[in-house]
Amino acid sequence: MRGICILFAVLIAGGTGLAANFAAQGRAEGTGWFWSKELYAQWQFFDLAWAGEHLVFALTLETRGWVTPPPPMLGAFLIFSSFGSPSRTQSVLLRRVAEQGPLVRYFGQAVLARRDVGFGSYLVVTLRVRSEAEVGVHAQALSLVSTSPTLVGAAGMGGPFVPAPSHPSSYVGLPGSSSSFGQDAEGMASLSIRECVGPEDAPYLAPGTYRAELGWAGPGSDVDSRDWFRVNLNPGQRLELRLATPRPVLLRLIDPVGQEVGRLEGQGELGLVYEAQRRGAYLVCIAIGEAWPLFPYTVEIVIRR
Numbered sequence: 002m003r004g005i006c007i008l009f010a011v012l013i014a015g016g017t018g019l020a021a022n023f024a025a026q027g028r029a030e031g032t033g034w035f036w037s038k039e040l041y042a043q044w045q046f047f048d049l050a051w052a053g054e055h056l057v058f059a060l061t062l063e064t065r066g067w068v069t070p071p072p073p074m075l076g077a078f079l080i081f082s083s084f085g086s087p088s089r090t091q092s093v094l095l096r097r098v099a100e101q102g103p104l105v106r107y108f109g110q111a112v113l114a115r116r117d118v119g120f121g122s123y124l125v126v127t128l129r130v131r132s133e134a135e136v137g138v139h140a141q142a143l144s145l146v147s148t149s150p151t152l153v154g155a156a157g158m159g160g161p162f163v164p165a166p167s168h169p170s171s172y173v174g175l176p177g178s179s180s181s182f183g184q185d186a187e188g189m190a191s192l193s194i195r196e197c198v199g200p201e202d203a204p205y206l207a208p209g210t211y212r213a214e215l216g217w218a219g220p221g222s223d224v225d226s227r228d229w230f231r232v233n234l235n236p237g238q239r240l241e242l243r244l245a246t247p248r249p250v251l252l253r254l255i256d257p258v259g260q261e262v263g264r265l266e267g268q269g270e271l272g273l274v275y276e277a278q279r280r281g282a283y284l285v286c287i288a289i290g291e292a293w294p295l296f297p298y299t300v301e302i303v304i305r306r
């Protein structure tokens, strides 16, 4: 007989040698998996004093029992907390990466800066997921994969930076559902990205939050399928791009010699971090692959030394 219970275990996370306590609440199975349509899980990480300024976490979840076709993206929330510091919530869009029989696997990444939580050697990571299908988690579903994110978001795997919205249930697990992106964009950003012909005409942008639009405005207008802009970087500077979009987009980062050094694809709240290796102007392209009705998005540019 299967029942509802909470499991505590000890594991080695991501091969980093960090011991983490694990707890989960859901329908337990003998294989170590816990299943629920409203999933809760928690990991406790220790001995993080040696870690750098950024931590990169990888999250893998299984799903089963979809009544409708499994969506390409699955929404989740990770809540980071430590002693004596306010918690930080990040929304994560997990990409569908594999299907085997009734099981559908989703994968994503999240980036945490030490300054965001102010943690020392101890960190608690809490996972919350709500879905129309059962979501499965086990002790090794979350792992610490890196402590120096030279590039986060390669091969379409991105980690979010923007805090979760005040009403997360409006879109968790339902990419493409209605949300308040347009209202949020107008409230957040006072700057806009100038329209340009192409990369050769791309404007230079300073750090800040910018609002722009992509898509089809209606009869008699062409589809605005991509936006371009440039940022100047010196070697060693870290560029952070934080993107909030209600529709799927592709973000590309191109270095001064024309080589693509970063790529991010998805919708929702996404982020990319890149540490510059060359001095000069880096091109950023944000594009859509379908002729969506005109929609707003915001992009925040942060440059750190």
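In our numbering, each residue's number is its place in the sequence shown (first place is 1) plus 1. Backbone N, C-alpha and C fix where the C-beta goes; we use that ideal spot for every residue, glycine too.
- When the beta-carbon positions are compared, R280 and P208 stay at least 7 Å from each other.
- The Cβ atoms of W34 and G137 lie closer than 7 Å to each other.
- Boundaries around R116 are those of the alpha helix (DSSP H), R115 to V118, since no beta strand (DSSP E) includes it.
- Listed as beta-bridge partners of F81 by DSSP are R89 and V126.
- Here the alpha carbon of L60 sits roughly 23 Å from the alpha carbon of L240.
- For H55, the uninterrupted beta strand (DSSP E) segment begins and ends at H55 to R65.
- Beta bridge pairing from DSSP links V112 with V57.
- Inclusion of Q260 and I304 in the CB contact set at 7 Å is not warranted, their separation being larger than that value.
- Annotation for T299: the continuous beta strand (DSSP E) segment containing it runs F296 to R305.
- With a threshold of 16 other beta carbon atoms within 10 Å, G272 meets it and is buried.
- DSSP lists C286 as the bridge partner or partners of W229.
- Per DSSP, P247 is one residue of the beta strand (DSSP E) stretching across R239 to I255.
- V125 and I255 have their C-alpha atoms roughly 35 Å apart.
- E214 has its alpha-carbon roughly 11 Å from the corresponding atom of V250.
- Boundaries of the beta strand (DSSP E) around W217: G209 to W217.
- About 7 Å separates the Cβ atoms of Q268 and M74, confirming a contact at the 8 Å cut-off.
- Judged by their CB atoms, R248 and W293 are nearer to each other than the 7 Å cut-off.
- By DSSP's assignment, V138 forms a beta bridge with F35.
- By the criterion of a C-beta distance shorter than 6 Å, F296 is surrounded in its chain by G216, P247 and R248, once the five residues flanking it on both sides are discounted.
- Taking one beta carbon from each stretch, the region 35-43 and the region 91-98 have fewer than 3 pairs nearer than 8 Å; the two do not touch.
- By the Cβ-count criterion, R116 is exposed, with fewer than 16 other Cβ atoms from all chains shown falling within 10 Å of its own Cβ.
- Closest option to T299, judged by alpha-carbon separation, among V274, R306 and L252: L252.
- Under DSSP, the beta-bridge partners assigned to G267 are V250.
- Excluding sequence positions up to five before and after H139, its CB lies within less than 6 Å of the CB of G33 and W34, all in the same chain and listed in chain order.
- When DSSP states are grouped into helix, strand and coil, E133 belongs to the strand group.
- When the Cα atoms are used, L242 and G31 turn out to be separated by approximately 42 Å.
- In this structure, the CA atom of S132 is about 15 Å from the CA atom of R28.
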